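Working notes, beginning with the structure itself.
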Amino acid sequence: MTGLKVINPGMYSLIQDGGRQGFHNIGITTGGPFDRYSFGWANKLCNNLDYAACLEILVGGLVLESSISTQIAVTGADVPIKINAKSVAGWSTHNIAVGDRISIGYATAGCRSYLAVAGGIQCPLIFGSASTVKREKLGGLTKDGQALAQGDLIPCNTSQENTSRTVAQQYRPQFSQDTTEIRLILGYQYSQFDPSQLHLLFNNEYTISQQSDRMGYRLEGPAISYSQSEMLSEGICLGAIQITADGQPIILLCDRQTIGGYPKLGSVFSPDIDKLAQLMPGRKICFKAIDLKQAQVLLRQSAQ
Amino acid sequence: MSLELAKITIAGENSVIVYFSERPCSRTSSLIASTAKLLQTNLSDKLIDLVPSYTSLLVVYDVLLIDYLTIKTEIQTVISNSSDKPLTTGNRIELPVYYSLETGPDLQRLAEHAKLTIDDVIAIHQQTEYTVYAMGFAPGFAYLGETDEKISMPRLATPRTIVPRGAVGIADRQTAIYPAESPGGWNLIGQCPSLMFNPSKVPSTLVEVGDRVRFKAISRDQFIQLGGTNNSASSAIQ
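Protein chains in written order, with my numbering: chain H, 2 to 305; chain X, 214 to 451.
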């Protein structure tokens, strides 16, 4: 087998493709890339199919050694990238020769990078996807939800592709230390919350807690109270904002549980989930409502 | 089920949630299962996912192919058409359970709580035909309701860090089988040797929402013959 050998898996690196769709009814979540925008560009740079399997690298520290000649591209967070001893640019394609070492350093802004390989990672599928979901023990190299480990071989095919591509600056995400505005579509049980509680949510900053991962981001800020006593579990869509008993919001993300019994205020607009993917615990966000019709128009425009 | 009770609410940018009734019951579960099947047929590629649960159905759709108002109308049409048709009743499945102190570390406590004998608890658990109300928490985890009030009991104050695969538990008026080893807080009364979730099989789960389940007591020998293991049985006690 040929491909990329894992010399150092880094902090936490996962194989992700478009995710698992159509299995929520038996309790299987979506998984897939947290920052779909950067993931999409990594594949475009390598002339891959939209949802080819890539690596999602949390913070950094990943070192790979190639046994093939191919092309790679790294997008997402600002990370130092080296091919052997030479520093190379992000958001661009690079030719890789047999024996080359690819090193992804630690992120200086943002926190998740995506490494695509020409032709995509040739990973076995389970429930139609290679996406790694640790909690469900599904996906990844051995189909059982494992993150990359030292000594793993990431299967990839040789590629003759050598066209150089780069993403124009204007299409790359801008990272700043300021509070990030997150748009949300009001929905689910929001009308059962007192308007004063919605006012709290929209007029305060919330901090991303240390207990945050691909399943959900827990927030810390003014508590949102509600009187409803008991609720039956129901389907949870991507980005749903649930309010737990202590009044703190949790944004449910790509590895979320498929059903849950806490009241929800609505869901985050997906382009802003890409922004959340690049925010580490401790960073601050604020919420702004967006009308459903406007959200759908924006989604259609960005797909064109 | 009257149409007036079905309420369609926005869930997110590409999802709506349909509420069918206030309280869960087997008829609501059948209506949800029928609606899900019809939507699948009528909208196929426009749908991304369907999440049936106790009284609701979350519909996730592709906004590039259908918008909110159109999907809302489609769902209303499907529900009004299905309300005058016979509902799918779901499959009837019998699951074997080895009820014992060995595999049911909470059996004694539950019997004391219910002021019943252990044999009564085991008999009552088998008397009900349960409906699969929802699936979630983990792949293949089916929430079955409702258990007889006499054997209902709240979850453990501190969940166990390891519950073995196949463990049969009770939480309030629900019962379930753990499809894989996981943490869990349900009161364990026995163990089922059947694989509730098998990713290498199609279908991967033994049951789906709307199905009816009965439990049947088996002996320790039968449990082992059917693939249940001593190891997993003894680990329930830890």
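Cβ atoms here follow ideal geometry from the backbone N, Cα and C, with glycine treated the same way. Keep in mind that this is a model prediction, so the values were computed, not measured.
Asked                                                                                                            : Found
C-beta atoms of H:GLU182 and H:CYS287 nearer than 7 Å                                                            : yes
Cutoff 7 Å: H:ASN9 Cβ touching any chain X Cβ                                                                    : no
Cβ pair H:LEU89, H:GLY106 closer than 7 Å                                                                        : For the sequence presented, residue 89 of chain H should be read as Val rather than Leu. It is not a contact, given that the beta carbons lie outside the stated cut-off.
Beta-bridge partners of H:ASP145, as assigned by DSSP                                                            : H:GLY140
Residue of H:PHE24, H:PRO156, H:SER132, H:SER234 minimising C-alpha distance to H:TYR52                          : H:SER132
Below-7 Å beta-carbon distance, H:PRO288 vs any chain X residue                                                  : The residue asked about is misnamed: residue 288 of chain H is Phe in this sequence, not Pro. No - not a single Cβ of chain X is within 7 Å of the one on H:PHE288.
Cβ-Cβ separation, H:ILE122 to H:ALA78 (assumed contact under 8 Å), whole Å                                       : With 8 Å as the limit, H:ALA78 and H:ILE122 do not qualify as a contact, their Cβ atoms being about 20 Å apart.
Residues bridged to X:GLY225 [DSSP beta-bridge criterion]                                                        : X:SER228
Status (buried if at least 16 other CB within 10 Å, exposed otherwise) for H:SER130                              : buried
Between the CA atoms of X:GLY440 and X:GLY397 - distance to the nearest angstrom                                 : 22 Å
Residues that X:GLU362 contacts on chain H, provided the C-beta gap is smaller than 7 Å                          : Result: empty, since nearest Cβ-Cβ is about 17 Å, beyond 7 Å.
Within-7 Å CB hit, X:ASP258 to chain H                                                                           : no
For X:LYS285, the three-state DSSP class (helix, strand or coil)                                                 : helix
Delimiting residues of the alpha helix (DSSP H) encompassing H:ASP275                                            : 271-278
Residues from the stretch 227-245 of chain H in contact with chain X, defined by Cβ distance under 8 Å           : LEU233, SER234, GLU235, GLY236, ILE237, CYS238, LEU239, GLY240, ALA241
Within 7 Å, strictly: CB atoms of H:ILE69 and H:THR164                                                           : no
Neighbour flag for H:GLU206 against chain X, beta carbons, 7 Å                                                   : no
Counterpart residues of X:ARG386 in DSSP-defined beta bridges                                                    : Beta-bridge pairing links X:ARG386 to no other residue.
Endpoints, beta strand (DSSP E) assigned at X:LEU357                                                             : 355-358
X:LEU278 to H:GLY33 span [Cα, whole Å]                                                                           : 21 Å
Min CB distance H:GLN295 to chain X below 7 Å                                                                    : no
For H:GLU57: DSSP bridge partner residues                                                                        : H:LEU15, H:TYR115
Classification of H:PRO125 by the beta-carbon crowding that lies within 10 angstroms, buried from 16 upward      : exposed
Cross-strand partners of H:LEU253 (DSSP beta bridge)                                                             : H:GLY217
Of the residues H:ASN49, H:THR76, H:LEU63, H:GLN22, the one placed nearest H:GLN279, counting alpha carbons only : H:THR76
Contacts of H:ALA304 in chain X (Cβ-Cβ under 9 Å)                                                                : VAL276, LEU277
H:GLN190 burial status per 10 Å Cβ neighbour count (16 or more: buried)                                          : buried
Beta-carbon neighbours of X:ILE223, restricted to chain H and to distances below 7 Å                             : ILE186, GLY188, LEU293
Identity of the residues DSSP links to H:VAL75 by a beta bridge                                                  : H:LEU116
Closest by C-alpha distance to X:GLU235, when choosing among X:VAL426, X:SER243, X:ALA219                        : X:ALA219
The beta strand (DSSP E) enclosing H:GLN243, as first and last residue numbers                                   : 241-244
Residues bridged to X:GLU307 (per DSSP)                                                                          : X:ARG427
Below-7 Å beta-carbon distance, H:ASN49 vs any chain X residue                                                   : no
Continuous beta strand (DSSP E) stretch holding H:ILE183: start and end                                          : 181-187
Interface partners of X:GLU325 on chain H, CB under 7 Å                                                          : None at all; the shortest Cβ gap to chain H is about 26 Å.
Sequence-distant residues of the same chain with beta carbon closer than 8 Å to X:SER417, five excluded per side : PRO352, GLY353, PHE410, ASN411
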